[in-house]
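First up is the structure itself, then whatever we jot down about it.
In the UniProt record's numbering, the protein residues as written are 1 to 463.
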């Protein structure tokens, strides 16, 4: 009796350990412990099995299995919990109806595809809006920048920010198109080919898996129900036997109880014990049948489960590739076009040359400007001096050599005409010089569009 109490206490402690989440995860990693515990239970005989039934509620069925059905896996138990419906064993895959999570996984995968498409369609809208905002920003500031007081390489750098924004806007617009027309359509097409809806709701794939589980679990559930019934009967007669034993122990040797009464109580105890032994034998027989059928049940259930795993594996592989494609489109850090935009912008910024800009300002607006210093000039009716700077043709013969066909020249600096008869040009622009330099340092040129005008001779070079 003392040993029985010790084993009962030990089993209670182990039962508490098994129900804790931390211990459960540890035991899964310690098959040696599980095997030792299994051997302990199997080797203790009927008396401890009776103790197990009263302590564990539900009982655990420990059996030797081959291969993946080894006892060390501890993947199933045979009876549902009587007092705690949320018992970890009750949530086990092996218990009746608990395959529904695996069946629902198929429907959840279909919904996940919808969510993925919706998610990245929204991201595509973000890309499109960003592209539009970049374009609007660039268009808004172009006239401001072009008319700004900045000049030279500094002005070019500012303008490069705007041109870079235009190119980036085109890139983000293409990302938007890729997310919708390429990635979104690919997921939709795969979803349509993978999930086949039934006429009255649900999917063929989940229906097939569920049908397989039901077929495999039906005989097992029937045996569990029978086992639960006989277990309840055994516990009931055990309680009666215990009560009869206590009455008999109280009556024996008690002078207040008549001999006939003591004899009758003793007979009741013996009858209760016989009934308990009879029901116990029936309980053990049904339990043996359940344990004998368990390997077949596990094999059939795992076969159906593996089919579901194969389908899920294909889904995971496809969605991985879909996510990688989306990543490729969104990862602008490795995009050659983006890199070229920022490289060009960086080079333009590094090309800002304060010395060249200051020299240009000096020659255009400072001491380097050509000027007509005061000197004695003979009056000639054929010429008219414009602001002490140059002479324009009014009538008669002018003192300037006219060049037949002209000579191509290239502008060294930017020049903005101050009067209507002057040419304006940008550094690097080419046009024709059609009249040589006069004594005031001015030449006459003609652009490709036919516009003629005067310009400072030292602002160009012959090509």
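Don't be surprised by glycine CBs; every beta carbon is placed ideally from N, CA and C.
Bear in mind the structure is a predicted one, so any value in this text is a computation, not a measurement.
Original post:
Where does residue 29 fall in DSSP's three states?
Top reply: Its pLDDT being 36, under 50, residue 29 is placed unreliably by the model, and the measurement read from it follows with that caveat. Of the three classes helix, strand and coil, the one that applies to residue 29 here is coil, per DSSP.
Subject >> DSSP three-state assignment for residue 13, whether helix, strand or coil >> reply: In this prediction, residue 13 scores a pLDDT of 43, lower than 50, which makes its location untrustworthy; the coordinate-derived value is nonetheless stated afterwards. In the structure shown, residue 13 sits in a helix (DSSP, three-state: H, G or I).
Original post:
According to DSSP, is residue 352 helix, strand or coil?
Top reply: If DSSP states are grouped into helix, strand and coil, residue 352 belongs with coil.
**OP:** Could you tell me which residues DSSP pairs with residue 462 in its beta bridges?
**Re:** 409, per the DSSP bridge assignment.
Subject >> Euclidean distance between Cα positions of residue 129 and residue 195 >> reply: The alpha-carbon atoms of residue 129 and residue 195 are separated by roughly 34 Å.
**OP:** Please state if the CB of residue 190 and the CB of residue 165 are separated by a distance shorter than 8 Å.
**Re:** No, the pair does not count as a contact, with Cβ atoms beyond the cut-off.
Original post:
Thinking just about the alpha-carbon of each residue, which of 410, 361, 351, 274 is nearest to the one in residue 150?
Top reply: Minimum Cα distance to residue 150 is reached at 361.
Subject >> Helix, strand or coil at residue 182 [DSSP, three-state] >> reply: Correct three-state label for residue 182: helix.
Original post:
Which of helix, strand or coil does DSSP assign to residue 69?
Top reply: Confidence is the limiting factor: at residue 69 the pLDDT is only 39, short of 50, which leaves the residue's position unreliable and the question unanswerable from this model.
Subject >> Reference residue 374; option with closest CA among 440, 433, 179 >> reply: Relative to the Cα of residue 374, the nearest Cα in the group 440, 433, 179 belongs to 440.
Subject >> Sufficient close CB pairs (3 or more, under 8 Å) joining the stretch 290-304 to the stretch 196-213 >> reply: Touching, yes.
Original post:
Residues in its own chain within less than 6 Å of residue 453 by CB, not counting five upstream and five downstream?
Top reply: Contacts found: 421, 422, 423.
**OP:** Taking only the alpha-carbon atoms, compute the straight-line gap between residue 220 and residue 283 and give it to the nearest angstrom.
**Re:** Roughly 16 Å separates the two Cα atoms.
Original post:
Going by DSSP, which residues form a beta bridge with residue 430?
Top reply: Note: residue 430 sits in a beta bridge opposite 410.
Subject >> CA-to-CA distance, residue 364 to residue 416, given in whole angstroms >> reply: Cα to Cα, the separation comes out at about 9 Å.
Subject >> residue 413 versus residue 462 - alpha carbon distance >> reply: Separation of residue 413 and residue 462 (C-alpha to C-alpha, rounded to the nearest whole angstrom) is 14 Å.
Subject >> Beta bridge counterpart(s) of residue 454 as assigned by DSSP >> reply: Note: residue 454 sits in a beta bridge opposite 422, 444.
Original post:
Relative to the C-alpha of residue 170, which residue among 411, 377, 350, 131 is closest?
Top reply: When only C-alpha atoms are compared, the closest one is 131.
Original post:
Does the beta-carbon of residue 310 have 16 or more other beta-carbons within 10 angstroms, so that it is buried, or is it exposed?
Top reply: Exposed, because fewer than 16 other Cβ atoms sit within 10 Å of the Cβ of residue 310.
Subject >> Cβ neighbours of residue 99 in the same chain (closer than 6 Å, five flanking residues each side left out) >> reply: Here the set comprises 213.
Original post:
Looking only at DSSP bridge pairs, what is residue 415 linked to?
Top reply: 425.
Original post:
Would residue 175 pass as a contact of residue 329 if the rule is Cβ separation under 8 Å?
Top reply: Result yes, Cβ atoms of residue 175 and residue 329 sit closer than 8 Å.
**OP:** Determine, using beta-carbon pairs with one atom in the stretch 344-357 and one in the stretch 142-160, whether at least three such pairs fall under 8 Å.
**Re:** Judged by Cβ distances under 8 Å, the stretch 344-357 makes contact with the stretch 142-160, as three or more pairs qualify.
**OP:** At 4 residues or longer, and completely inside the stretch 177-260: list those alpha helix (DSSP H) runs for me, N to C.
**Re:** Counting only runs of 4 or more, we get 185-194, 204-251.
Subject >> C-alpha distance - residue 173 paired with residue 446, whole-angstrom precision >> reply: Cα-Cα distance, rounded: 43 Å.
Subject >> Close beta carbons around residue 273, own chain, < 6 Å, minus the five adjacent residues each side >> reply: Only 241 meet the Cβ criterion.
Subject >> Inter-residue spacing [alpha-carbon to alpha-carbon] between residue 290 and residue 248 >> reply: Near 36 Å, if we compare the C-alpha coordinates of residue 248 and residue 290.
Original post:
Where residue 294 and residue 93 are concerned, what is the direct C-alpha to C-alpha distance, given to the nearest angstrom?
Top reply: Going from the Cα of residue 294 to the Cα of residue 93 covers about 14 Å.
Original post:
Going by the beta-carbon positions, is the gap between residue 121 and residue 180 smaller than 8 Å?
Top reply: Yes, these two residues count as a Cβ contact at 8 Å.
**OP:** Tell me, to the nearest whole angstrom, how far the beta carbon of residue 407 is from that of residue 426; I am working on the premise that it is less than 8 Å.
**Re:** In fact, because the Cβ distance is near 19 Å, the residues do not count as touching under 8 Å.
**OP:** Have a look at residue 381 and residue 359 and give me their C-alpha separation to the nearest angstrom.
**Re:** The alpha-carbon atoms of residue 381 and residue 359 are separated by roughly 39 Å.
Original post:
To the nearest angstrom, how far is it from the Cα of residue 323 to the Cα of residue 313?
Top reply: Annotation: residue 323 to residue 313 spans about 15 Å, alpha carbon to alpha carbon.
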